[in-house]
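Undergrad: Heads up: the sequence shown at position 76 corresponds to 837 in the working numbering, and the numbers run straight through without jumps.
Where a beta carbon is used, it is the ideal one built from N, C-alpha and C, also for glycine.
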Amino acid sequence: MKPPPDSRAPLPPFTLDSAKMKVRLAEDAWNSRDPQRVILTCTRDSVWRNRVEFPVGREAIRAFLQRKWAREIDYRLLKELWVHDGCRIAVRIAYEWHDDAGQWFRSYGCENWDFDRHGLVRARFASINDKPIPAAERLMHWPLGRRPDDHPGLSALGL
């Protein structure tokens, strides 16, 4: 049976390798800072909790991401698989960004994802904290966009 055109491989149930692949694909989508690319990985009625915002559905998620990336300038993100089971994946995250005054931050957190059978995110729950950092303490220096394969991940950076 062929998956529908809006499915997103790899599909659940996840193995260790397919969960790691799903995490990297999600990291790549977020590092594109393209809301359209991210929302196409979600069900049309996807439910999110991100800090104090609770967007539901692709259009609300798109608006959330547009606000986020307008505020979080030069955003670079790392995601690392924490655990997986069936249709769920939990990740640790860290990302660096600066505000319009030039203050750099490192944001730390975790995300829990629940996927439908087509590999689309039907629920995403994120808990994130921001730490102001001097620019000299930044660890994520690749050009904007996809993290290079040889750039260290969270554990290798001691995060």
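Based on DSSP bridge pairs, tell me the residues matched to Tyr869.
TA: The residue you call residue 869 lines up with position 108 of the sequence shown. DSSP, once it has assigned bridges, lists Ala855 and Asn890 as partnering Tyr869.
Undergrad: Are three or more beta carbon pairs between the segment 843 to 859 and the segment 810 to 828 nearer than 8 Å?
TA: Touching, no, given that fewer than three Cβ pairs across the two stretches are closer than 8 Å.
Undergrad: Could you check what DSSP says for Glu814 in three-state terms: helix, strand or coil?
TA: The residue labelled residue 814 in the question sits at position 53 within the sequence shown. Reduced to three states, the DSSP call for Glu814 is strand.
Undergrad: For Asn845, does the count of other Cβ atoms within 10 angstroms reach 16, so buried, or fall short, so exposed?
TA: Position 84 of the sequence shown, counted from the first residue, corresponds to residue 845. The sequence given here places His at residue 845; Asn does not occur at that position. That one is buried.
Undergrad: Quick one: does the C-beta of Arg810 sit closer than 7 Å to a heavy atom of the ligand FAD?
TA: The model depicted lacks the ligand FAD and carries no ligand whatsoever.
Undergrad: Do Tyr856 and Leu838 have their CB atoms nearer than 8 Å?
TA: In the sequence shown, counting from the first residue as 1, residue 856 sits at position 95. In the sequence shown, counting from the first residue as 1, residue 838 sits at position 77. In contact: Tyr856 and Leu838 (Cβ atoms closer than 8 Å).
Undergrad: Out of curiosity, what's the CA-to-CA distance linking Asp875 and Ser916?
TA: For the purposes of this step, residue 875 is taken as the residue at position 114 of the sequence shown. For the purposes of this step, residue 916 is taken as the residue at position 155 of the sequence shown. Their Cα atoms are separated by approximately 24 Å.
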